[in-house]
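Visitor: Sending over a structure as structure tokens; questions will come in a sec.
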DNA sequence: TTCTCCTATATGGTATACAATCGTGAGCGT
DNA sequence: ACGCTCACGATTGTATACCATATAGGAGAA
């Protein structure tokens with residue numbers, strides 16, 4: 013049974029889904045806010061049916077939650093949530109890296125191209141964070157795809173989407189940014205050497221250092237409220 | 013953001029969801045078959061709306077898949093799928109066991125009670141497989157809950173549901189069954205000793221031996237078709 | 001045969017109506 | 001002032017009808 017590779021087929025439903033999802037991820041709609049079916053329907057120019065469908069997907073994604081007979085609200089995220097997510101990410105993604113290192117189909121040259129371009133951007137005086145994030149996502153996603161376990165990427169995507177968007181490279185200090193780029197290139201070297209333990213260890217360091225940087229930012233910013 | 017703990021609130025939708033899900037898991041509806049909205053609606057005595065909602069959930073669960081403008085079909089599972097699933101289960105559940113061993117709130121006595129009752133059933137001349145499965149699920153779920161990562165149980169449930177149902181203890185030889193029970197009791201001992209490495213290793217053995225038994229059964233049964 | 005086109009079928013989406021449910025708050029009593 | 005009850009309003013949950021649209025599959029022509 014192959015996993016759904018994004019089922020963008022229903023016009024209105026997808027419009028609604030993407031629109032609402034975008035507003036949540038951008039922070040336009042804050043945590044705890046109600047997502048009213050009728051209101052969203054008129055705002056998006058569709059009927060209630062596709063809106064309901066879209067809300068159902070968002071709930072399944074974990075971006076929102078459902079209160080029976082009351083409606084759907086945007087999810088609220090605490091430091092503890094991010095901790096859990098990063099623990100799982102560490103576990104799954106380092107596993108993926110170790111498997112990718114052993115996979116003869118892993119395209120090392122492609123990964124190296126991505127790593128090099130990211131390094132170039134990071135070393136610039138005015139880094140293009142949007143492009144950097146794009147490349148970074150492609151890099152990590154490719155590794156998961158090379159892992160040979162088609163479920164890995166799907167599961168991680170369902171866990172990790174929120175933190176990935178809200179906590180961007182723009183938060184990194186220059187030092188943290190360059191260290192992250194070094195990790196990327198070291199990962200490629202580990203893949204080239206087909207050394208699964210090495211790749212796993214580098215990925216561990218990579219994610220853990222990233223989380224360390226984020227954690228400092230988060231607790232400084234939101235120490236009292238607890239919600240992010 | 014707390015995770016949805018089964019959202020059983022909508023009457024008709026839940027009826028439809030449970031009914032269809034049951035028929036899939038029991039094998040009454042076979043892989044690849046169409047799940048027609050109108051047909052299910054009349055059969056279940058509800059309208060198309062909750063049926064559509066239920067089908068959406070099943071697709072999100074991974075039990076079925078969507079073909080644009082054609083409808084929803086029941087998922088088909090290959091040996092490769094089971095391989096992927098068991099790899100992830102091994103990774104996540106052994107991690108959960110190691111964390112549970114370190115958790116001071118882990119109720120060892122409760123787990124021991126479950127393990128002992130399972131052993132008793134397994135040693136009987138006519139094992140009650142249904143009860144055994146029930147206890148086994150409770151045992152594994154409890155460990156995940158004691159892991160301290162609330163997402164762990166949720167994710168595993170979304171991955172593992174199909175194999176758990178189709179591949180029951182009834183497939184085990186007596187030797188395999190007793191070994192599995194030994195693993196359970198050894199796990200409890202590891203928890204009591206608060207030895208995370210031990211717990212992790214036992215859980216690895218436990219799942220891997222179980223998978224080995226299942227794998228033999230599967231490939232013998234369905235060698236040519238590839239679909240399970 | 002092979003290609004084109006047509007039609008039957010089922011989904012995708014809209015509109016509307018109504019029932020069920022929950023929170024709120026006015027009003028009452030203490 | 002405080003707490004309780006109950007009716008109301010808002011919103012979801014379900015049903016139903018209807019139309020648009022896409023697909024598969026077959027009839028018919030080249």
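Chains as they are written, first to last, in my numbering: chain A, 13 to 240; chain B, 13 to 240.
Ideal Cβ positions, reconstructed from N, Cα and C, are used throughout, including at glycine.
Please identify the residue among A/58, A/39, A/63 whose C-alpha is closest to the C-alpha of residue 48 of chain A.
Guide: Translated into positions along the first chain, residue 48 of chain A becomes position 36. Selected option, being the one with the closest Cα: A/63.
Visitor: Contact defined as beta carbons within less than 8 Å: I believe residue 84 of chain A pairs with residue 43 of chain A. What is the distance between those atoms, to the nearest angstrom?
Guide: Locating residue 84 of chain A in the first chain gives position 72, where the first residue counts as 1. Locating residue 43 of chain A in the first chain gives position 31, where the first residue counts as 1. That pair is no contact at about 13 Å.
Visitor: Are residue 189 of chain B and residue 105 of chain B closer than 8 Å when you measure CB to CB?
Guide: Here residue 189 of chain B is taken as the residue at index 177 of the second chain, counted from 1. Here residue 105 of chain B is taken as the residue at index 93 of the second chain, counted from 1. Contact flag unset, no.
Visitor: Just reading off the alpha helix (DSSP H) that residue 77 of chain A is part of, what are its end residues?
Guide: To locate residue 77 of chain A, count along the first chain from 1; it is residue 65. Here residue 77 of chain A belongs to no alpha helix (DSSP H); instead the beta strand (DSSP E) covers 76 to 79.
Visitor: State the Cα-Cα distance for the pair residue 51 of chain B and residue 26 of chain B, rounded to the nearest angstrom.
Guide: Here residue 51 of chain B refers to the residue found at position 39 of the second chain. Here residue 26 of chain B refers to the residue found at position 14 of the second chain. Looking at the two C-alpha atoms, the distance is approximately 17 Å.
Visitor: For a contact defined as C-beta to C-beta under 7 Å, what are the partners of residue 107 of chain A on chain B?
Guide: For the purposes of this step, residue 107 of chain A is identified with residue 95 of the first chain, where counting begins at 1. Within chain B, the residues near residue 107 of chain A are 103.
Visitor: For the beta strand (DSSP E) that residue 83 of chain B lies in, which residues bound it at each end?
Guide: Taking the second chain and counting its residues from 1, one reaches residue 83 of chain B at position 71. Element bounds for residue 83 of chain B: 83 to 86.
Visitor: If we call anything under 8 Å between Cβ atoms a contact, is residue 225 of chain A one with residue 183 of chain A?
Guide: Position 213 of the first chain, counting from 1, holds the residue named residue 225 of chain A. Position 171 of the first chain, counting from 1, holds the residue named residue 183 of chain A. In this structure, residue 183 of chain A lies closer than 8 Å to residue 225 of chain A by Cβ.
Visitor: What is the rounded straight-line gap between the Cα of residue 134 of chain A and the Cα of residue 126 of chain A?
Guide: Within the first chain, residue 134 of chain A is the residue found at index 122, counting from 1. Within the first chain, residue 126 of chain A is the residue found at index 114, counting from 1. Looking at the two C-alpha atoms, the distance is approximately 12 Å.
Visitor: Any beta carbon from chain A within less than 8 Å of residue 167 of chain B's own beta carbon?
Guide: In the second chain, residue 167 of chain B corresponds to position 155, counting from 1. Answer yes: the Cβ-Cβ gap between residue 167 of chain B and chain A drops below 8 Å somewhere.
Visitor: Are the segment 91 to 102 of chain A and the segment 116 to 124 of chain A in contact at 8 Å, needing three or more beta carbon pairs?
Guide: Counting Cβ pairs under 8 Å, fewer than three are found: no touch.
Visitor: Return yes when the Cβ of residue 112 of chain B is within less than 8 Å of the Cβ of residue 77 of chain B, no when it is not.
Guide: To locate residue 77 of chain B, count along the second chain from 1; it is residue 65. To locate residue 112 of chain B, count along the second chain from 1; it is residue 100. Cβ distance not < 8 Å, so residue 77 of chain B and residue 112 of chain B don't count as in contact.
Visitor: Closer than 7 Å by beta-carbon distance: list the chain B residues that pair up with residue 115 of chain A, in chain order.
Guide: Counting from one through the first chain, the residue named residue 115 of chain A turns up at place 103. Correct list: empty, because the minimum Cβ distance to chain B is about 14 Å.
Visitor: Mind listing which residues of the segment 136 to 169 of chain B have their C-beta closer than 9 Å to chain A's C-betas, in chain order?
Guide: Going along the segment 136 to 169 of chain B in chain order, one finds 160, 161, 162, 163, 164, 166, 167 with a Cβ nearer than 9 Å to chain A.
Visitor: Taking C-beta pairs closer than 9 Å, name the residues in chain B that residue 133 of chain A reaches, listed in chain order.
Guide: Numbered from its first residue, the first chain carries residue 133 of chain A at position 121. None at all; the shortest Cβ gap to chain B is about 32 Å.
Visitor: Going by DSSP, which residues form a beta bridge with residue 47 of chain B?
Guide: Taking the first residue of the second chain as 1, we reach residue 47 of chain B at position 35. BP columns for residue 47 of chain B point to B/84.
Visitor: As a quick exercise: from A/59, A/132, A/39, A/79, pick the residue whose alpha carbon is nearest that of residue 89 of chain A.
Guide: Your numbering for residue 89 of chain A matches position 77 in the first chain. Of the listed residues, the one whose Cα sits closest to residue 89 of chain A is A/39.
Visitor: Spatial neighbours of residue 236 of chain A within its chain, please: CB distance less than 7 Å, with the 5 preceding and 5 following residues excluded, ordered by chain position.
Guide: Taking the first chain and counting its residues from 1, the one referred to as residue 236 of chain A is at position 224. Here residue 236 of chain A scores only 46 on pLDDT, less than 50, and its place in the model should not be relied on; the value that follows carries that caveat. None.
Visitor: In three-state terms, what does DSSP make of residue 206 of chain B?
Guide: On the second chain, residue 206 of chain B is found 194 positions in, with the first residue counted as 1. In this structure, residue 206 of chain B counts as coil in the three-state DSSP scheme.
Visitor: For the putative contact between residue 108 of chain B and residue 155 of chain B, defined by C-beta atoms under 8 Å, what is the C-beta separation to the nearest angstrom?
Guide: As a position in the second chain, residue 108 of chain B is number 96, starting the count at 1. As a position in the second chain, residue 155 of chain B is number 143, starting the count at 1. Between residue 155 of chain B and residue 108 of chain B the Cβ distance is about 6 Å, and since that is below 8 Å, they are a contact.
Visitor: Quick check: the Cα distance between residue 74 of chain A and residue 194 of chain A, rounded to an integer number of angstroms?
Guide: On the first chain, residue 74 of chain A is found 62 positions in, with the first residue counted as 1. On the first chain, residue 194 of chain A is found 182 positions in, with the first residue counted as 1. If I take the Cα positions, the gap works out to 33 Å.
Visitor: Does residue 100 of chain B have its Cβ less than 8 Å from a Cβ in chain A?
Guide: To locate residue 100 of chain B, count along the second chain from 1; it is residue 88. Yes, contact with chain A.
Visitor: In whole angstroms, what is the alpha-carbon distance linking residue 71 of chain A and residue 222 of chain A?
Guide: Taking the first chain and counting its residues from 1, the one referred to as residue 71 of chain A is at position 59. Taking the first chain and counting its residues from 1, the one referred to as residue 222 of chain A is at position 210. Those two C-alpha atoms are separated by around 28 Å.
Visitor: Please report the straight-line C-alpha distance between residue 230 of chain A and residue 149 of chain B, rounded to a whole angstrom.
Guide: Taking the first chain and counting its residues from 1, the one referred to as residue 230 of chain A is at position 218. Taking the second chain and counting its residues from 1, the one referred to as residue 149 of chain B is at position 137. For residue 230 of chain A and residue 149 of chain B, the distance between alpha carbons rounds to 37 Å.
Visitor: If we count the other Cβ atoms within 10 Å of its Cβ and call it buried at 16 or more, is residue 202 of chain A buried or exposed?
Guide: On the first chain, residue 202 of chain A is found 190 positions in, with the first residue counted as 1. Buried, since its Cβ has 16 or more Cβ neighbours within 10 Å.
Visitor: Check whether the Cβ atoms of residue 66 of chain A and residue 60 of chain A lie closer than 8 Å to each other.
Guide: For this step, residue 66 of chain A is matched to residue 54 along the first chain. For this step, residue 60 of chain A is matched to residue 48 along the first chain. Cβ atoms of residue 66 of chain A and residue 60 of chain A: not closer than 8 Å.
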